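**Student:**
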Amino acid sequence: MAEEIIKKGSWVQIHYIVLQPSERADNVPEDTKQVPLELWVKGYLDHDASIGSSVTITTVTDRKVQGTLVAQNPPYIHTFGRQIPELLSVGKEFHALISKAGEQA
Amino acid sequence: MNPVFDAVANRKNEILKKALGIDYSEFELPGIAFDYEGMMGKTGYTLEEIRAIQAETNIGNTPMLELRNLTAAARALAGPGKGARIFLKDEATNPSGSFKARRAAMSCYYAQQKGYAGVIAASSGNYGAAVASQANMRNLKAIIVQELFDSRHVGQPEILEKGRISEAFGAEVVQLTVGPELFIEFLRLLDETGYCSASLYSPFAIAGIETLGDEIATQIRQKCGRDPDAVVITNAGGGNLTGTARGLIKAGCSNTQIVAASVDITGLHMASDKAFNRKSFTTGHTGFGMPFSTWPDRTDVPRNAARSLRYTDRYVLVSQGEVFYMTEALAQLEGLERGPAGNTSLTAAFALAQEMDRDQVVVIQETEYTGAGKHVTAQLSFAREQLGIEVRRGNPEEQIPGKNIIIPENPGQVKARDISLDDLRRSYCKNVLKMNNITKEQLTNNDIKFMAEDTKTTEDYIRSIL
């Protein structure tokens with residue numbers, strides 16, 4: 001499959017490693033020390049490039065940042081999640097309590 | 001050991017001074033003390049001026065809502081003559097959807113007055129969105145630095161949403177994996193851009209919240225003909241509590257009890273890659289509340305204007321499952337879909353109302369907008385499906401943060417658990433000695449006076465616990 005070229009000026013996201021595990025601060029917990037400090041930022045691509053290549057972008061504050069191209073028009077993927085059956089009866093429980101006690105709102 | 005980072009860290013004081021324009025050394029007193037009120041006064045803005053500045057960007061005058069059904073439920077559980085009226089200050093109606101707009105307004109106004117081209121905030125939460133929103137109205141550029149992902153690139157859903165809304169307001173959002181080194185990246189960005197540090201903990205950011213306390217006083221007097229008996233405030237870094245309490249005091253509410261409330265996430269280390277996503281709350285929890293109340297000067301400013309122990313009369317904890325339960329109750333009984341911020345104090349207020357008399361008034365001090373990622377269903381789905389955390393109905397007393405989330409089986413199981421202010425004050429005193437590298441014998445009378453003020457106690461009390 002031919003690599004898709006993303007055009008200069010496209011809205012993209014880049015990634016780079018800020019600190020390698022060996023460079024992490026002394027005061028971080030052991031599990032955090034085992035992994036790098038990573039960074040993602042978005043901006044306009046300064047030149048044609050394909051995903052995975054090293055690129056420069058211009059962010060919305062006009063900063064030039066270098067990193068690995070990871071996505072074009074990256075999506076927002078967070079959702080409302082599934083319904084939680086454990087919560088479905090909560091309203092009913094409160095209403096039952098109020099009417100049993102004869103309290104008036 | 002990274003040469004770029006080390007060089008930035010070594011220039012910390014110089015970078016921060018340039019990025020905030022405040023010389024904190026002028027407030028330092030001999031010994032461990034500093035002139036807190038002098039520093040707050042130096043913000044140069046009166047309550048009237050702050051109100052006017054905030055009105056320019058459409059902040060404040062948020063509704064005070066009476067929660068009649070939740071009051072009725074609390075009365076059904078309370079003993080005879082008990083069950084205070086529960087009110088809620090609907091801060092979600094501010095631009096960007098939270099009380100944080102009040103803080104951001106002052107930081108952005110200050111940045112504009114001082115001629116900075118932009119502002120930078122290190123925030124994974126509502127403050128980022130608030131700074132982005134306020135920066136727009138003040139024609140400033142904004143960068144928001146977030147701690148968001150674990151090393152598997154799994155992002156906390158609530159923080160993903162805060163990133164989205166900050167981008168919606170046109171900010172540049174820099175997203176990092178877990179770790180306190182975020183602060184160095186924040187410094188590096190200040191140094192690179194020359195922007196203003198929109199610190200959450202500057203004197204003007206805290207002064208910005210005083211209008212919230214003042215509005216609560218005015219609205220409750222108008223609606224109830226009395227001062228609020230208790231104001232329950234979700235506590236993390238301490239700014240929310242400090243600013244609100246100062247506003248209430250300025251409005252003359254000398255007998256209003258200030259109650260701090262945090263979600264109990266005991267056992268989950270804040271900077272741990274593995275623990276990061278195992279908590280279902282990104283703020284308002286003990287992971288911030290405990291360290292910040294017992295040692296405020298751990299932030300991005302030399303002297304933190306947020307000093308919660310100065311104003312706290314009582315501190316209570318609630319569980320994650322209880323907050324989810326009460327969030328659902330707020331939606332189902334009052335028709336208000338809000339949170340997560342504010343629902344910690346909602347949960348505590350529901351329990352505390354049952355101890356109070358019927359003619360008394362308890363105020364839940366804030367709300368925030370809700371949405372994808374932030375909603376109860378988003379957080380519980382994430383905990384259950386992504387992390388294998390057990391979610392079930394049961395007795396909240398059996399909760400183990402990070403392992404399970406226990407949603408109460410009935411409203412009577414919602415409790416506010418007191419933590420000892422004496423213990424927090426002792427811990428504060430220990431930190432004073434440790435951080436200043438001194439012994440208790442080296443403390444002067446002036447130091448002890450400061451410590452008494454900083455913990456809302458007396459000099460005799462400080463001497464007795466030292």
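In the order they appear, the protein sequences are chains H and X. Sequential numbering from 1 applies to the first sequence in the UniProt record's numbering. Sequential numbering from 1 applies to the second sequence in the UniProt record's numbering. Where is the CB? At the ideal position from N, CA and C, for every residue including glycine. It should be emphasised that the depicted structure is a prediction, and the values quoted were computed from it without experimental measurement.
1. Determine, using beta-carbon pairs with one atom in the region 339-358 of chain X and one in the region 233-244 of chain X, whether at least three such pairs fall under 8 Å.
2. Return the residue from the list F324(X), I406(X), I86(X) that minimises the CA-CA distance to M64(X).
3. State yes or no: is the beta carbon of K403(X) nearer than 7 Å to at least one beta carbon in chain H?
4. From the DSSP secondary-structure annotation, give me the bridge partner or partners of Q175(X).
5. Looking at the unbroken alpha helix (DSSP H) that takes in Y325(X), where does it start and where does it end?
6. Quick one: grab the DSSP three-state call for I448(X).
7. Taking C-beta to C-beta, are E167(X) and V173(X) nearer than 7 Å?
8. Just to confirm, is the Cβ distance from A271(X) to V35(H) under 7 Å?
9. Could you tell me the boundaries of the alpha helix (DSSP H) in which F99(X) lies?
10. Would you check if there are 3 or more beta carbon pairs closer than 8 Å linking the region 301-312 of chain X to the region 252-267 of chain X?
11. Apart from the five residues just before and just after A331(X), which ones in its own chain have a Cβ nearer than 7 Å to its Cβ?
12. Can you list, in chain order, the stretches of the beta strand (DSSP E) that have 3 or more residues and sit fully within the region 379-429 of chain X?
13. Comparing alpha-carbon positions, which option in N431(X), I364(X), D150(X), Y110(X) lies nearest residue 477(X)?
14. Could you tell me which uninterrupted alpha helix (DSSP H) segments, each at least 4 residues in length, are contained entirely in the region 20-91 of chain H, listed from first to last along the chain?
15. One question on the structure: do R298(X) and I209(X) come within less than 7 Å of each other, judged by their Cβ atoms?
16. Using the C-alpha atoms, what's the distance from M451(X) back to I462(X)?
17. Going by DSSP, which residues form a beta bridge with S280(X)?
18. Output the residue ranges of the alpha helix (DSSP H) runs that lie fully inside the region 1-55 of chain X and measure 4 residues or longer, sorted by chain position.
19. Closer than 7 Å, Cβ to Cβ, to anything on chain X: give me those residues from the region 76-98 of chain H, in chain order.
20. In chain order, what residues of the same chain have a beta carbon less than 8 Å from the beta carbon of G247(X), not counting five sequence neighbours either side?
21. Just checking: is the beta-carbon of Q399(X) within a distance shorter than 7 Å of some beta-carbon in chain H?
22. Can you pull the chain H residues whose beta carbon is under 9 Å from the beta carbon of F5(X), in chain order?
23. At which residues does the alpha helix (DSSP H) containing I5(H) begin and terminate?
24. Taking CB distances under 7 Å as the criterion, tell me whether L39(H) reaches chain X.
25. Would you say E103(H) lies against chain X (beta-carbon separation less than 7 Å)?
26. Please list the partners that V35(H) has in chain X, where partner means a Cβ-to-Cβ separation under 8 Å.
27. Just to confirm my understanding: we take I15(X), look at its own chain, exclude 5 residues before and 5 after, and list those with CB closer than 6 Å. What are they?
28. Start and end of the alpha helix (DSSP H) containing Q219(X)?
29. What span of residues does the alpha helix (DSSP H) with T71(X) cover, start to end?
30. Please identify, using Cβ separations under 9 Å, the residues of the region 125-148 of chain X that lie next to chain H, in order along the chain.
31. Between the region 367-378 of chain X and chain H, which residues of the former have a C-beta closer than 7 Å to a C-beta of the latter?
32. Looking at A306(X): is its Cβ nearer than 7 Å to the Cβ of Y201(X)?
33. Alpha carbon to alpha carbon, how far is H78(H) from P85(H)?
34. Quick one: which residues of the region 382-395 of chain X get their C-beta closer than 9 Å to a C-beta of chain H? List them in chain order.
35. Counting C-beta neighbours from all protein chains within 10 Å, is the total for I5(H) 16 or more, i.e. buried, or is it exposed?
36. Within 8 Å, do at least three Cβ pairs link the region 352-359 of chain X to the region 76-95 of chain X?
**Tutor:** In short:
1. Verdict: yes, contact present.
2. Among F324(X), I406(X), I86(X), the Cα nearest to that of M64(X) is on I86(X).
3. no
4. W40(H), Q146(X)
5. 320-334
6. In this structure, DSSP gives I448(X) a helical state, which the three-state scheme calls helix.
7. Yes, they are a contact pair.
8. no
9. First-last for F99(X): undefined, no H or E at that position.
10. In this structure the region 301-312 of chain X lies against the region 252-267 of chain X, because at least three pairs of beta carbons, one per stretch, are closer than 8 Å.
11. Taken in chain order, the residues that qualify are E337.
12. 390-394, 404-408
13. Outside the displayed span of chain X (1 to 466) sits residue 477(X), for which this structure offers no information.
14. 30-33
15. no
16. 7 Å
17. Per DSSP, none; premise fails for S280(X).
18. 3-10, 12-20, 36-41
19. Y76, H78, T79, F80, G81, R82, Q83, I84, E86, L87, V90, G91, E93, F94, L97, I98
20. L47, I209, E210, T211, L212, G213, D214, E215, I216, A217
21. Under the Cβ criterion of 7 Å, Q399(X) is not counted among the residues facing chain H.
22. V18, L19, E23, A25
23. First-last for I5(H): undefined, no H or E at that position.
24. yes
25. yes
26. Per Cβ cutoff of 8 Å: S151, T177, D273.
27. L187, L190, D191
28. 210-224
29. 68-77
30. K141, A142, I143, L148
31. A372, G373, H375, V376, T377, A378
32. A Cβ-Cβ contact shorter than 7 Å links A306(X) with Y201(X).
33. 20 Å
34. F382, R384, E385, V391, R392, R393
35. With fewer than 16 other Cβ atoms from the protein chains shown falling within 10 Å of its own Cβ, I5(H) counts as exposed.
36. yes
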